[in-house]
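*Asks:* In case it helps, my numbering puts the sequence shown at residues 643 to 1068.
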Amino acid sequence: MQSAYEKTQFNRQQIEKMLDEFGSPLFIVSERDLRERYGVFADALLRSYEHSAVAYSFKTNYLRKVCETLKNEGARAEVVSGFEYGIARNIGYSGKDIIFNGPHKTELELREALADGATINVDCMEELEMIQSFARSGATPPHIGLRLSSSKVARMTRPDGRGALPHRFGFNIENGDALKAVRWTKEHGPHIRTIGYHIHIAVDEPNPAVFVRAAESAIIFAQQVEREVGYAPTYIDMGGGFVEAELWERKKDLASAAIPSLEVFLGGVGAVVRGARFSSPPMLIFEPGRFIVSRSTVHITRVVSVKNMGTRKLLTVDSSLSILPTATTRRHKISAPGIAGPLVKSIVAGASCMARDVWGDYDLPAVRAGDILVVENCGAYSLSRSSQFITPRPAVVWISIDGIISLARRAETPEDITRLDISGGR
Ligand SMILES: Cc1ncc(COP(=O)(O)O)c(C=O)c1O
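#1: Which word fits residue 853, buried or exposed, when buried means at least 16 other C-beta atoms lie within 10 angstroms of its C-beta?
#2: By Cβ distance below 6 Å, which residues in the same chain neighbour residue 670 in space, the five residues on each side in sequence not counted?
#3: So, at 6 Å on beta carbons, what are the nonlocal neighbours of residue 980 in its own chain, with the 5 sequence-adjacent residues on each side left out?
#4: For residue 812, count the other beta carbons within 10 Å of its own beta carbon; 16 or more makes it buried, fewer makes it exposed. Which is it?
#5: Would you call residue 789 buried or exposed, if buried means 16 or more other Cβ atoms sit within 10 Å of its Cβ?
#6: Does the beta-carbon distance from residue 840 to residue 763 come in below 7 Å?
#7: Expressed to the nearest angstrom, what Euclidean distance is found between the alpha-carbon atoms of residue 1051 and residue 845?
#8: What would DSSP say about residue 798, mapped onto helix, strand or coil?
#9: For the putative contact between residue 726 and residue 701, defined by C-beta atoms under 8 Å, what is the C-beta separation to the nearest angstrom?
#10: How big is the Cα-Cα spacing for residue 708 and residue 1036?
#11: Is DSSP giving residue 740 helix, strand or coil here?
#12: Determine the closest residue to residue 930 out of 769, 973, 847, with distance taken between C-alpha atoms.
#13: Could you give the distance in angstroms between the alpha-carbon of residue 968 and the alpha-carbon of residue 831?
#14: Helix, strand or coil for residue 671? Go by DSSP, reduced to three states.
#15: How many angstroms separate the CA atom of residue 837 from the CA atom of residue 775?
#16: Inspect the beta-carbon positions of residue 1005 and residue 985 and report whether they are closer than 7 Å.
#17: Report all residues for which the CB-ligand distance to some heavy atom of ligand 3 is below 5 Å; order them along the chain.
#18: Could you tell me whether the segment 871-881 touches the segment 818-832, where touching means 3 or more Cβ pairs closer than 8 Å?
#19: With respect to the beta strand (DSSP E) encompassing residue 787, which residues constitute its N-terminal and C-terminal limits?
#20: Mind checking which residues open and close the beta strand (DSSP E) that includes residue 1069?
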């Protein structure tokens, strides 16, 4: 499989030219790759279940051109804050094509989203009560979704080693909170009604059985609700969480062969939803992020210095973990275009002046200060999580489907960062 970088076919001279024009380091996004990945996902979903929709997870990368491109491809928007909701509205999404998730929505944001006809997946009792309190005065009763969690399914996911609680969001099925919430809406009706269920449970999950079990849990719950309360679900939203194969392959503990195809993941869930009996078939929604955008973006950085470190070379580059937050948590593919010769054991490290800004061990040709490194699969959780720690953030270049180069985001200036500060102490 060709990577986005290989598809763009840039040689060293072309990259040098872009660095001269836009500065180093630099992100380069391939529109072609973005569209292709969206197509792969949307087609596979359609084959697994016809009445379906893809809602792109904005937090993965909300660069305007990325969101606009995916909107043009037919993606709905999945947002997790009022800020992201605003981005979606600004690029022309109507409320009905926005799914509003997340554990913190203000009253103002909820009122606006309800008035726009957005799908709201409620996270907690406090949010439900807030909606109820202002719904009483409204003409149309709000139809809302509930985010569900399942401790049983969460136990099937891989521990991330950093203490994540995959079932901390939404209403727990097993402890009865989810059913209590639905009953509460019924008792407090007719102002509020639950019409859908959301159950994002995993991150980078290589096991399709986790998705199937999550779908089964949501379906069994939804059937119980329909029997008991009479509300039939109009949608089952499975969230995201698909593995980025390119990064996974390079994880030391797992072979790429361990990851089944997307068809297996989506087909399993599609079969569960198809087999469920409801008064009318619900829509099946997925909210992929990483799977769609990761591959589209490469990061270009220059070597600043080369030091000897025992048998290895230490290459410090002009980027950092603030600019590319996934550099130290993921195994990105790194190459040195245009440089030949025997491979040397090299440690790549960022320039943030943090001892832990170490990106990993790589076999690279002998590079010198000023040489270029290309870091692949940088589209997910990088631009949206980057910070201005120590340096302003670099430019993002867009390569259109016809190969036209333009800016998707200009490089930040020091003034961009300091202009919100207020001077003068006492
Ligand atoms: C609610 C929700 N939907 C979708 C996603 C996207 O997940 P991914 O990028 O792993 O596909 C996330 C990410 O954590 C999420 O929290």
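Beta carbons are placed, not taken as given, at the ideal position from N, Cα and C, and that holds for glycine. Here the structure is a predicted model, which is why all the values come from computation and not from measurement.
*Replies:* In terms of the structure at hand:
#1: Answer is buried; the Cβ neighbour count reaches 16.
#2: Closer than 6 Å at Cβ, skipping near neighbours: 940, 1039.
#3: Apart from sequence neighbours up to five positions away, the residues of its chain that approach residue 980 with a beta-carbon distance below 6 Å are 654, ordered along the chain.
#4: With 16 or more other Cβ atoms within 10 Å, it is buried.
#5: By the Cβ neighbour-count rule, residue 789 is buried, with 16 or more other Cβ atoms within 10 Å of its own.
#6: Yes, Cβ-Cβ distance for residue 840 and residue 763 is below 7 Å.
#7: So the alpha carbons of these two residues sit roughly 28 Å apart.
#8: Here residue 798 sits in helix by DSSP.
#9: Right, their Cβ atoms sit about 6 Å apart.
#10: The C-alpha of residue 1036 is placed about 17 Å away from the C-alpha of residue 708.
#11: Residue 740 carries a strand assignment under DSSP once its states are collapsed to helix, strand and coil.
#12: Comparing C-alpha distances from residue 930 to each of 769, 973, 847 shows the shortest one belongs to 847.
#13: So the two alpha carbons sit approximately 46 Å from each other.
#14: Correct three-state label for residue 671: strand.
#15: Cα-Cα distance, rounded: 19 Å.
#16: Taking a C-beta distance under 7 Å as the contact criterion, residue 1005 and residue 985 qualify as a contact pair.
#17: Ligand 3 is not part of this structure, which contains only ligand 1.
#18: By the Cβ rule, the segment 871-881 counts as touching the segment 818-832, because three or more pairs are nearer than 8 Å.
#19: Residues 785-791.
#20: The first residue shown for the chain is 643 and the last is 1068, placing residue 1069 beyond what the model contains.
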